[in-house]
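Trainee: Submitted below is the structure of interest, expressed as structure tokens.
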Amino acid sequence: MVGKRHLDVVCGVIGNEAGQVLVALRDFESDQGGLWEFPGGKLEFSEVLEDGLCRELYEELDIDILEADPWMQVNYEYPLYHVTLHVWRVVRYEGEPKGQEGQIIQWVDRNGLKKLKFPPANGAIVDALLQEELKISS
């Protein structure tokens with residue numbers, strides 16, 4: 000039996016002065032389409048985590064990361080693959096986030112976060128955010 004494919008994914012938790020966090024709607028044609036997620040994506044072969052985060056957030060949101068801190072790691076077993084989410088708190092960035100790949104992005108507060116549907120692997124991130132203040136420097 001061949002083992003499941005393993006994906007290393009980086010994602011950024013980006014907050015604003017209003018205590019909101021930025022989320023993006025996954026393309027309806029993609030895996031887990033129509034669910035919300037924290038911006039990021041798969042690491043390229045032999046890519047360093049922080050480099051991958053900076054690349055993904057630039058490609059997806061057109062922002063340059065000036066400072067980010069590793070926050071948590073989430074391992075999740077899907078039926079066809081295993082994913083490790085390397086979650087970073089984005090402390091400072093330049094630019095105004097916009098959906099560069101046609102995706103809808105939205106700033107949401109604590110109540111809004113509770114109402115959105117996320118992929119199962121993102122559940123631990125949502126739970127952690129709901130247990131603390133969402134205010135993050137940007």
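Quick note, in numbering that gives the first Met the number 0, the sequence shown goes up one by one and the last residue is 137. Glycine included, C-beta positions come from ideal geometry on N, C-alpha and C.
Have a look at V82 and A17 and give me their C-alpha separation to the nearest angstrom.
Mentor: Mapped onto the sequence shown, residue 82 falls at position 83. Mapped onto the sequence shown, residue 17 falls at position 18. Approximately 31 Å between the Cα atoms of the pair.
Trainee: Between V12 and V90, what straight-line distance do the alpha-carbon atoms span, to the nearest angstrom?
Mentor: Within the sequence shown, residue 12 is the residue found at index 13, counting from 1. Within the sequence shown, residue 90 is the residue found at index 91, counting from 1. Using only the alpha carbons, I get a separation of about 9 Å.
Trainee: Closest to G51 by C-alpha separation, out of E95, C10 and I62, would be which residue?
Mentor: Your numbering for residue 51 matches position 52 in the sequence shown. It is C10.
Trainee: Can F37 and L21 be called in contact, C-beta distance under 9 Å?
Mentor: If you number the sequence shown from 1, residue 37 lands on position 38. If you number the sequence shown from 1, residue 21 lands on position 22. Against a cut-off of 9 Å, the Cβ pair of L21 and F37 comes out as a contact.
Trainee: With C-beta atoms as the reference, is I124 less than 9 Å away from Y92?
Mentor: Taking the first residue of the sequence shown as 1, we reach residue 124 at position 125. Taking the first residue of the sequence shown as 1, we reach residue 92 at position 93. No, the pair does not count as a contact, with Cβ atoms beyond the cut-off.
Trainee: Taking only three categories from DSSP, how would you classify N121?
Mentor: Sequence index remark: in the sequence shown, residue 121 carries index 122 (1-based). Helix.
Trainee: Quick check on DSSP: helix, strand or coil for D50?
Mentor: Indexing the sequence shown from 1 puts residue 50 at position 51. DSSP places D50 in helix when its eight states are reduced to three.
Trainee: For a test of the three-state rule: what should DSSP assign to G14, helix, strand or coil?
Mentor: The count along the sequence shown starts at 1 and reaches residue 14 at position 15. Strand, per DSSP.
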